[in-house]
Amino acid sequence: MTTISYTDGLGRPLQTVQRQASPGGKDIVQAFSYDELGRERNRYLPFALTTTTGYGAYVANAHSVGVYNFYNPSPVPSPVQSQQGNGIVRTPKPLSVTGFEASPLNRVVEQGAPGEAWQLPDAGSPNSPWHTVKTDYSANDQSTFTSAISPNNKGSHLVSRYKAEILANGTRQLSLPGTYGTGQLSITISKDENWKPAEGCVGIVEEYKDKNGHVVLKRLYNKIKDGFNIDVAEMLSTYYVYDDLGNLAFVLPPKANPDAGMPTQAILDDLCYQYRYDARNRLTQKKLPGKGWEFFVYNKLDQVVMTQDANQRNKTPQEWLFTKYDVQGRVVITGIYPHPNSSGDSNISTPSTAVLTWLQDYSDQQTNLWESRTTANTTPGYTNVATPQGVVSAYLSINYYDDYNIAAKPANYAAPAGASSRTQGLLTCTRTGILGSATRMLWSFTYYDDDGHAIKTYEQHNLGGNTPNYNNYDAVTTTYNFNDAVTSTTREHFTISNAGFPQLTVANTYLYDHMGRKLSNWQQMKYRTMAADTKTLLSKIEYNEIGQVRIKHIGSTDSTNYLQNVTHTYNERGWLRGATTNDNLYNLDLRYNAPDNGIGPQYNGNIAQMEYFGKNGLNRGFRYSYDALNRLLKAQSNSGLMDETLSYDKGGNITKLNRTGQPYGELSYYYNNSNQTNQLATVLGAGFTTRGYSYDANGNSKTNGEGKFISYNVLNLPSTVTQGGSTLASYTYAANGEKLRNVSAADGTWDYIGGIIYQNGAIKFIQTEEGRAMPNGTGLYKYQYDLKDHLGNTRSTFQESAGIADVIQEDDYYAFGLRNGIHDNSSDNRYLYNGKELQADLQNQYDYGARFYDPVIGRFVVVDAFSEKNYAINHYNYAANNPIALIDVNGDSVSVAEKYRNYMNGVLKAAFGSKADNFKYSKNGNLIYDGDVSSFSRDEATVFDGLNGLMSEQTITNIIFESNYTAKEGEKSIEMNTNEHGGEVTIPGSEQGMRQNYIVIDPNGESTVTVNEVTNTYYKAVEDGTLNVPSKEPKYLQKSAAMNMMTRTMHGIGHIMYKGKSQNKVIDFENKARKINKSTNPQGGFTPSPLSKRGYDQDHNRTQY
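FYI, UniProt numbering numbers position 901 of the sequence shown as 901, with every residue one higher than the one before it.
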């Protein structure tokens, strides 16, 4: 791809042209313009030319004519249509406008978006009535809260001053000596597009920071009904309390009522977050609401070597999870260590710390801090000299790096042609334990080419559930094109019964266009040694001229005739507007800001109205209303047969859920300790059997409310389901959280092998990209296809019959996922709500991988392992109580795919040295930090705070190490080419109509970049209004800046932190990272290697927003 950038005399971009980049081979143009102060007040949508003969040439009047002609061409039809015939939205306002503060700071106070509904008609104000995002800046004062809703009610800026005193034994004691004095805290006040000036503080989000930059309070304002059914304002505060060393010691969520006074110890234990540190400021103990304390043990390198939760502490002997590292700080072994001579401790609130203290003292005395590869110890293949050296009850994982010479490697795992020996730093092999077994482990072996691509992978599986057999494995061969996109995969599925040849072969071929957009996916099955089945085109995609998915063709054998064609439409902000099928199998209509009369419009991405209909009676319309926290309050169906009404407490716990058309009708929720916890005690309802719940020490629900008892494994995943002394189901998991087997008394034995699903020893179906393939008993396969809505909910399942699509299952759902089946022709498709598997043994629960979800009550049954990412929401919550627009979002928020983690680990080590070992990845690939932050230097702490801010957001930030990448969400896609941006390109999702953020870094980027650094003459010219007037003194100086992957990554993080605001602060943040840059030394340690400070440039300076 060729991209041409045109700049003005000041070096500012005027236009970038991607030559012939559209699907039709036309140039794609991005125009820029500036106001009299050099600010980019207007940001335009990209557009494509109308001919293929542009060849990258400059387009005159692109921002004043070209972009408008593309999005609102003449003649304008009457009545005006929201869509053009080419699949492009029609809008007379294809730009977003920014309003700036009338001060030398030029801070953003108002941000519009494309589309008439989101325009900013004036200079901008934090209190304007327009449907924009507004930001105001203030300081705390002594104003108190009043609940009256009026334009003059700005809320309260009175802040309680909590303190955390460090006691002699290392514990922290909370106190409340008073309130903060006026002006001691800075406030950032945010209002989204739905905010109404007439409602005053309702819908406002405030963030308070002290002079050290610590967030001490996050405050939100909601609107609720009082006892007289009158609308009143509600204040919800989350306090962050630090000790004298700057460590976070307590978090007091809204349900603890921290504005009302000092919480009791019972409230602290049941509703708050508590943290304790050792003398080196390492986190050694933490307690989440409703869970027992978790303990952490470190080695001399400050690496976490052992952890223990409350369930493990309750066992005799007590169990600990351990982690061992190699000399480079990479995790090599994890497992379970039973501490000898220790007795179980069931005290949740105040457990004994004697074992923790002994283990930490023992670890402090050790001099051997890592393990090395050896052939003498064949089980792990490593030495056993680092803590702990005692008896291991089970290995959970063993990782091998750098080469293929692994002791006891299965002979079947032969190297393919083209396997490279350049594997230094690559993970070549992993052995993963099977939970519940002391010895059973599964192999995973990967061969790479010279470019680091995984070209052959062997994955041992657990079919049969007995001792793993070397003949039970999948062999996957992968090919790539020059852009590193996968062009084909061939999966050979071997089993014990067919050791000499594969039981099944699945071959996929992928095609892309000239810009790397995926066009098609062909698949072919082969059963044993029979002839291959007919090659099937699962899907073919057509794009509109700006790269949005326009039509998806589904199911064909000749690439001409398709079972279904799904046409997608979008609004001005890129949000999915609708999807229609040619045979009306499933049509979807989503409306945001322009619903039917009588329905409240939503401008912030919430869905106001949804209509859909299918082939066999699936015909629904819904209107939705939300509170100021974006929680669903009402889902009203056109028929009145699927209505839902909800209410919540301050912690986001559902207190009432009323449904029509179901036995689960009017439900009332009661929580333990007189509703002073997040743990559900009972659910009552008319015509509904009372459900009771109990919990283990980790906060897992031990009962499902219907008399079934659930036990859990070390990952807090279900192990057995029993009732009346009988085992109804048992689950087998790998130590990485992958479900391997489910033995059900009612439903038989199910084996799960990477999308190949067995029932009672025979293949039941094979999951595909568009549904599944069903064996027909003759060695051939029948493809079934799923049509899904915007949330991934399966709505219609069909297959080919006499050349046309035959619907065999239709499904409907209440808002929180309770199934209301419409049509089922014995399809038995159980992958339904959000595409998750319905559990036959746990009435209506869905398996979300990390935990199970109960749609009857709209809650997860297990604590969110990453609930610290949103302290204000209870950790059983589903999708922030907005299941119409979101799927479960309460996890980590910085996502790094496995193939990028070596790069990301290098970035973290370059920034934080040995302390980078405290970063881990969740099962979902999300970055988490498990260590102590107090040992960071001031600059390290600044950089960590920026990264941690992204990790703590609800919005996920994806970090990708590629030269080119296509960010795709649903049917929306954006091309990201790092070559155009100095080796890094970042997209804040909110600015592009995306749900997530994306940072793309070229792992092979240049070691230096050229920047146009601004001079004092530039600032003077801006101040005088003479920026475009020639002067004798240069306004820019061309400079070279040294760059590496770490600095590029932190630059991208800075863009997510500040989004469209304060672009000079992006450079300030990057300079902190440049200052702490480190390199490895021959001893395996880290040497400070700071990079020179980078100056502000034409795109990042004090006049830029």
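Using N, Cα and C, we set each Cβ at its ideal position, and we do this for glycine too.
> CB-CB under 6 angstroms to I4, same chain, minus the five flanking residues each way: which ones, in chain order?
Replying inline: Here residue 4 refers to the residue found at position 4 when the sequence shown is read from its first residue. So the qualifying residues of the chain are V17 and G56.
> On the premise that S1031 lies in contact with T1010, defined as a C-beta separation below 8 angstroms, what is that separation, rounded to the nearest angstrom?
Replying inline: The residue labelled residue 1010 in the question sits at position 1010 within the sequence shown. The residue labelled residue 1031 in the question sits at position 1031 within the sequence shown. Not quite, the Cβ-Cβ distance comes to about 22 angstroms (not below 8 angstroms), so this is no contact.
> Roughly how many angstroms separate the alpha carbons of G737 and T430, rounded to a whole number?
Replying inline: Here residue 737 corresponds to residue number 737 of the sequence shown, with the count starting at 1. Here residue 430 corresponds to residue number 430 of the sequence shown, with the count starting at 1. One C-alpha to the other measures close to 14 angstroms.
> How many whole angstroms separate the CB atoms of G725 and G792, which I take to be in contact at a CB cut-off of 8 angstroms?
Replying inline: To locate residue 725, count along the sequence shown from 1; it is residue 725. To locate residue 792, count along the sequence shown from 1; it is residue 792. At roughly 39 angstroms, the Cβ-Cβ gap does not stay under 8 angstroms, so G725 and G792 are not in contact.
> What are the uninterrupted segments assigned as beta strand (DSSP E) that are 3 or more residues long and contained completely in the region 805-868, given in chain order?
Replying inline: 852-854
>> Closest to I822 by C-alpha separation, out of I808, A815, K1065 and Y831, would be which residue?
In response: Position 822 of the sequence shown, counted from the start, is the residue given in the question as residue 822. For I822, the nearest C-alpha among the options comes from I808.
>> Here's the rule: buried if 16 or more other CB atoms are within 10 angstroms of the residue's CB, otherwise exposed. What is Y533?
In response: Within the sequence shown, residue 533 is the residue found at index 533, counting from 1. Rather than Tyr, the amino acid found at residue 533 in this sequence is Asp. Classification for D533: buried.
>> Classify Y71: buried if its beta carbon has 16 or more other beta carbons within 10 angstroms, exposed otherwise.
In response: For the purposes of this step, residue 71 is taken as residue 71 along the sequence shown, with counting starting at 1. Buried, since its Cβ has 16 or more Cβ neighbours within 10 Å.
>> Using a Cβ-Cβ cutoff of less than 6 angstroms, which residues in the same chain neighbour A407 once the five nearest sequence positions on both sides are dropped?
In response: Here residue 407 refers to the residue found at position 407 of the sequence shown. Excluding sequence neighbours, A407 sits near T375, T378 and G381.
> Since R901 and Y878 are thought to touch, with beta carbons under 8 angstroms apart, how far apart are those beta carbons, to the nearest angstrom?
Replying inline: Taking the first residue of the sequence shown as 1, we reach residue 901 at position 901. Taking the first residue of the sequence shown as 1, we reach residue 878 at position 878. The pair is not a contact, with the Cβ atoms about 29 angstroms apart (cut-off 8 angstroms).
> Could you give the distance in angstroms between the alpha-carbon of A164 and the alpha-carbon of R172?
Replying inline: As a position in the sequence shown, residue 164 is number 164, starting the count at 1. As a position in the sequence shown, residue 172 is number 172, starting the count at 1. If you take the alpha carbons of A164 and R172, they lie about 6 angstroms apart.
> Given N521, which residues of its chain have a CB within under 7 angstroms of its CB, disregarding the five upstream and five downstream residues?
Replying inline: If you number the sequence shown from 1, residue 521 lands on position 521. Closer than 7 angstroms at the Cβ level, and outside the excluded window around N521, lie N508, Y510, L538, S539 and E769.
> Which residue from S711, I987 and N1071 puts its Cα closest to that of I1056?
Replying inline: Along the sequence shown, one-based indexing puts residue 1056 at 1056. Closest by alpha carbon: I987.
>> Alpha carbons only, please: which of R591, T387 and T52 is nearest the one belonging to K26?
In response: As a position in the sequence shown, residue 26 is number 26, starting the count at 1. If we check each option's Cα against that of K26, T52 comes out closest.
>> Here's a check: name, in chain order, each residue in its chain whose Cβ is nearer than 6 angstroms to the Cβ of Y395, leaving out the five neighbours to either side.
In response: On the sequence shown, position 395 is the one that residue 395 refers to. For Y395, where only same-chain residues beyond five positions count, the Cβ hits under 6 angstroms are G335 and G433.
> Are the region 800-820 and the region 653-670 touching, with three or more C-beta to C-beta distances below 8 angstroms?
Replying inline: yes
>> Applying the 10 Å Cβ sphere with the 16-neighbour rule, what's the burial state of G640?
In response: Residue 640 sits at position 640 when you count from the first residue of the sequence shown. Flag for G640 reads exposed.
>> Is it buried or exposed, Q265, if we count other Cβ atoms within 10 angstroms and call 16 or more buried?
In response: Reading the sequence shown from its first residue, position 265 is the one you call residue 265. Exposed is the call here.
>> Is it buried or exposed, F482, if we count other Cβ atoms within 10 angstroms and call 16 or more buried?
In response: Counted from its first residue, the sequence shown places residue 482 at position 482. Exposed, because fewer than 16 other Cβ atoms sit within 10 Å of the Cβ of F482.
>> Give me, in chain order, the residues of the same chain whose beta-carbon lies closer than 7 angstroms to that of T7; leave out the 5 immediate sequence neighbours on both sides.
In response: Translated into positions along the sequence shown, residue 7 becomes position 7. Counting only Cβ-Cβ distances below 7 angstroms, and skipping sequence neighbours, we find P13 and L14.
> E319 and T307 look like a contact to me (Cβ under 8 angstroms); what is the Cβ gap, rounded to whole Å?
Replying inline: Residue numbering aside, residue 319 sits at position 319 when the sequence shown is read from its first letter. Residue numbering aside, residue 307 sits at position 307 when the sequence shown is read from its first letter. The pair is not a contact, with the Cβ atoms about 10 angstroms apart (cut-off 8 angstroms).
>> Would L950 and T942 be called neighbours here (beta carbons separated by less than 8 angstroms)?
In response: Locating residue 950 in the sequence shown gives position 950, where the first residue counts as 1. Locating residue 942 in the sequence shown gives position 942, where the first residue counts as 1. Cβ atoms of L950 and T942: not closer than 8 angstroms.
> For the beta strand (DSSP E) that residue 1107 lies in, which residues bound it at each end?
Replying inline: Lying before the first or after the last residue shown, residue 1107 is absent from the chain, which here runs from 1 to 1105.
> Can you give the Cα-Cα distance for N1101 and R43, rounded to whole angstroms?
Replying inline: As a position in the sequence shown, residue 1101 is number 1101, starting the count at 1. As a position in the sequence shown, residue 43 is number 43, starting the count at 1. Cα-Cα distance, rounded: 18 angstroms.
> CA-CA distance, Y648 and I654?
Replying inline: Counting from 1 along the sequence shown, the entry for residue 648 is found at position 648. Counting from 1 along the sequence shown, the entry for residue 654 is found at position 654. The alpha-carbon atoms of Y648 and I654 are separated by roughly 4 angstroms.
> Roughly how many angstroms separate the alpha carbons of S637 and G614, rounded to a whole number?
Replying inline: Walking along the sequence shown from the start, residue 637 turns up at place 637. Walking along the sequence shown from the start, residue 614 turns up at place 614. S637 and G614: Cα-Cα distance of roughly 16 angstroms.
> What are the start and end residues of the alpha helix (DSSP H) that includes V67?
Replying inline: Position 67 of the sequence shown, counting from 1, holds the residue named residue 67. Per DSSP, V67 belongs to the alpha helix (DSSP H) from V67 to Y71.
> Taking the alpha-carbon positions, what's the G779 to D888 distance?
Replying inline: Here residue 779 refers to the residue found at position 779 when the sequence shown is read from its first residue. Here residue 888 refers to the residue found at position 888 when the sequence shown is read from its first residue. If you take the alpha carbons of G779 and D888, they lie about 39 angstroms apart.
> Hey, out of L426, N565, Q424 and N1012, whose CA is closest to G982's CA?
Replying inline: Taking the sequence shown and counting its residues from 1, the one referred to as residue 982 is at position 982. It is N1012.
> In terms of residue numbering, what span does the alpha helix (DSSP H) encompassing I204 cover?
Replying inline: Counted from its first residue, the sequence shown places residue 204 at position 204. That residue, I204, is in no alpha helix (DSSP H); its beta strand (DSSP E) goes I204 to K209.
>> Could you give the first and the last residue of the continuous beta strand (DSSP E) run that contains F295?
In response: Locating residue 295 in the sequence shown gives position 295, where the first residue counts as 1. It spans E294 to Y298 - the beta strand (DSSP E) in which F295 sits, taken as one unbroken run.
>> At 3 residues or longer, what runs of the beta strand (DSSP E) sit wholly inside the region 380-426?
In response: 394-401
>> Under DSSP, the alpha helix (DSSP H) around H1051 begins and ends at which residues?
In response: In the sequence shown, counting from the first residue as 1, residue 1051 sits at position 1051. Element bounds for H1051: M1045 to Y1058.
>> My parser needs the alpha helix (DSSP H) runs of 4 or more residues fully inside the region 994-1036; what are they?
In response: 1016-1024
>> Out of K300, F296, T323 and Q328, which one is the CA nearest neighbour of R313?
In response: Here residue 313 is taken as the residue at index 313 of the sequence shown, counted from 1. R313 has its Cα closest to that of F296, out of K300, F296, T323 and Q328.
>> Closest to L619 by C-alpha separation, out of E810, H568 and P502, would be which residue?
In response: In the sequence shown, the residue the question calls residue 619 occupies position 619. Here residue 619 is Asn; the residue named in the question, Leu, does not match the sequence. Closest option to N619, Cα to Cα, is E810.
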